[in-house]
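Just so we're aligned: 123 in my numbering is position 94 of the sequence shown, and the numbers increase by one with no gaps anywhere.
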Amino acid sequence: MLQPPVCCGPGLVRPPPQPLAEHGQPSPADHPEDRRRTRPGQRTLEHPGHHNLTATLARLRVDRQLEEALTHGADRLHLALVFGIDEKTAIRYANSARQLLDLAPEDNGREVLWHVRVSVLYGEAMPTEPTPGQPVRAHLTTPDGRRLSYLDFGSAEGRPLLGLHGHLGEGADFADLARDLSPDGWRVVALDQRGHGDSDRAKQYDRNGYLDDLSLLLTHLGLDHQPLPVLGHSLGAINAYYLAAARPDAVSALINIDGPAHLPIVNPAPLSVLLDLPYSAPTREELLAACGSLKPLLENGLRPHHDGWRLGSHPTDMIDSDTRLLGDHWHQWLGSHCPALLLHGTASTVLPTAQAREMASRRPGTTLTELNADHWPHLRRPKESAVAIRRFLDSVLGGRYRKT
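Written as structure tokens, this is what we have:
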């Protein structure tokens, strides 16, 4: 049974967890020395974007529960109990764990195991290219040494669509949408934006920083030579239309999911409620208990940590980002001329319906679609959202995509 929505401050209500792809991934520590050694003749796993999976896995640490699971011979039923996964997935997990242990450096073998669970669920454990709707997780490194993580939901032959989540979200939020769009050949690339999900924390969270990350990702993927549609929710929507205004050559179409053009400046910022939460705890259960009424908002993003479990985003980072997002963004919303879809939840307390209608009327080429939903229409009304997005993409882009 679905839980009721949770309020997390003025204007912020996120739906309870949905049965999407597994989100609980480990947070990589920065251990460059763990990237260095391979045995003679050792085979490595490469992502199509030259991401070395084995090196990444070898950077991760194992939790006490997984030590126990390994001691039990990686028994599939024990694994299912420990991780709350079904037996079929546990079998895949156990088999892939053994294979990856054969590939990992001897002294780092156990450290790979935390990531195997998610690697299996994301189809990343085998050296195959991603298939539509079945994502591969990959990473890139920024000039300042941060890791940016993203999910690639399709093959290199697909029609690229960049997805940007909102505050406290992650790329996996678009898993259902990616599956719905895949029959049309769309390749959704969903970034964990800085400080979210599997991406490293950053020193600052202003618009320039977010846009720099987007430019790096497009270059990394080889998608910086022609415009592509960009979809964003809330924070991600604002980042998307800032990108369109700053780089009109990069964006062929905008899909704004409940992203306002103006957010009232309040002090403290709405996400300041997170300050009462710990960032980590020894066990997942303890961390969830500490989340209290915010549990439905945060539980999908929890990740194994070197000393237990952590939140998907650090509270102080989110407050910094949230504070910098408040204010007027009309100039940037009106600063691009590509076709746009504004997908609005009529019960949203973040984007008032009056403002959504004004945003559509003032910006030429903007289509407004209103759904009976709150601030998360793509999660509350996934099928209706996918239909609206597919119809929009077909009408403004059609078959014009050409791979270069």
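Quick reminder that beta carbons are idealized off the backbone N, C-alpha and C, glycines included. Quantities reported herein were computed from a predicted structural model and do not represent experimental measurements.
Beta-carbon proximity list for residue i, same chain, < 6 Å, skipping 5 on both sides
{"i": "T398", "result": "L372, A417"}
{"i": "R386", "result": "none"}
{"i": "P307", "result": "A319"}
{"i": "A389", "result": "L371, T395, L397"}
{"i": "S377", "result": "D287, D403, H404"}
Residue j beta carbon less than 9 Å from that of residue i
{"i": "G192", "j": "G288", "result": "no"}
{"i": "Q222", "j": "D205", "result": "no"}
{"i": "A402", "j": "G374", "result": "yes"}
{"i": "L177", "j": "D229", "result": "yes"}
{"i": "P393", "j": "H360", "result": "no"}
{"i": "G364", "j": "A273", "result": "yes"}
{"i": "L245", "j": "L169", "result": "yes"}
{"i": "H407", "j": "D202", "result": "yes"}
{"i": "T395", "j": "L354", "result": "no"}
{"i": "P311", "j": "D336", "result": "yes"}
Per-residue burial, residue i [other beta carbons within 10 Å of its own, 16 or more giving buried]
{"i": "N329", "result": "buried"}
{"i": "L304", "result": "exposed"}
{"i": "D209", "result": "buried"}
{"i": "S281", "result": "buried"}
{"i": "A87", "result": "Low confidence applies here, because A87 scores a pLDDT of 37, under 50, leaving its location unreliable and the question unanswered by this model."}
{"i": "N296", "result": "exposed"}
{"i": "N285", "result": "buried"}
{"i": "R420", "result": "exposed"}
{"i": "N237", "result": "exposed"}
{"i": "Q233", "result": "exposed"}
{"i": "P164", "result": "buried"}
{"i": "G187", "result": "buried"}
{"i": "T157", "result": "Confidence at T157 is low in this model, with a pLDDT of 40, below 50, so the placement of that residue should be treated as unreliable; the coordinate-derived value is given next. The residue in question, T157, is exposed, as its Cβ has fewer than 16 Cβ neighbours within 10 Å."}
Cut-off 7 Å between Cβ atoms - residues of its own chain near residue i, not counting five sequence neighbours on either side
{"i": "T352", "result": "A298"}
{"i": "G200", "result": "Y179, L180, G192, H194, A219, L220, D221, G226"}
{"i": "R313", "result": "L331, W338"}
{"i": "G356", "result": "L292, I294"}
{"i": "H196", "result": "S263, L264, L300, M347, S350, D351"}
{"i": "V425", "result": "A282, P368"}
{"i": "A231", "result": "R175, R223, G224, G238"}
{"i": "D235", "result": "R353"}
{"i": "W362", "result": "Y270, A290, M388, R392"}
Nearest-angstrom beta carbon gap, residue j and residue i [assumed within contact, 8 Å]
{"i": "Y189", "j": "L257", "result": "It is Pro, not Tyr, that sits at residue 189 in the sequence shown. Indeed they touch by this definition, with Cβ atoms about 5 Å apart."}
{"i": "L400", "j": "R410", "result": "5 Å"}
{"i": "R216", "j": "G251", "result": "With a Cβ gap of about 12 Å, R216 and G251 do not count as contacting."}
{"i": "L316", "j": "S309", "result": "7 Å"}
{"i": "H343", "j": "G174", "result": "Not a contact, Cβ separation roughly 17 Å."}
{"i": "L240", "j": "A275", "result": "6 Å"}
Residues of its chain near residue i, where Cβ-Cβ distance is below 8 Å and the 5 sequence neighbours each way are ignored
{"i": "H358", "result": "I267, Y270, Y271, P289, A290, H291, L292"}
{"i": "T382", "result": "H373, T375, E399"}
{"i": "S414", "result": "L206, I286, L372, L400, P406, H407"}
{"i": "D423", "result": "D213"}
{"i": "K412", "result": "D209"}
{"i": "Q384", "result": "P289, A290, H291"}
Could you tell me which whole alpha helix (DSSP H) segments of length 4 or greater appear in the region 239-309? Listed in chain order, the complete alpha helix (DSSP H) runs (minimum 4 residues) inside the region 239-309 are 264-275.
Unbroken alpha helix (DSSP H) runs of length 4 or more, entirely within the region 316-365: which are they? The qualifying runs are 324-327, 344-354, 359-362.
Which residue spans inside the region 179-217 form an unbroken beta strand (DSSP E) run of at least 3? Counting whole runs of 3 or more residues, the region 179-217 contains the beta strand (DSSP E) stretches 188-193.
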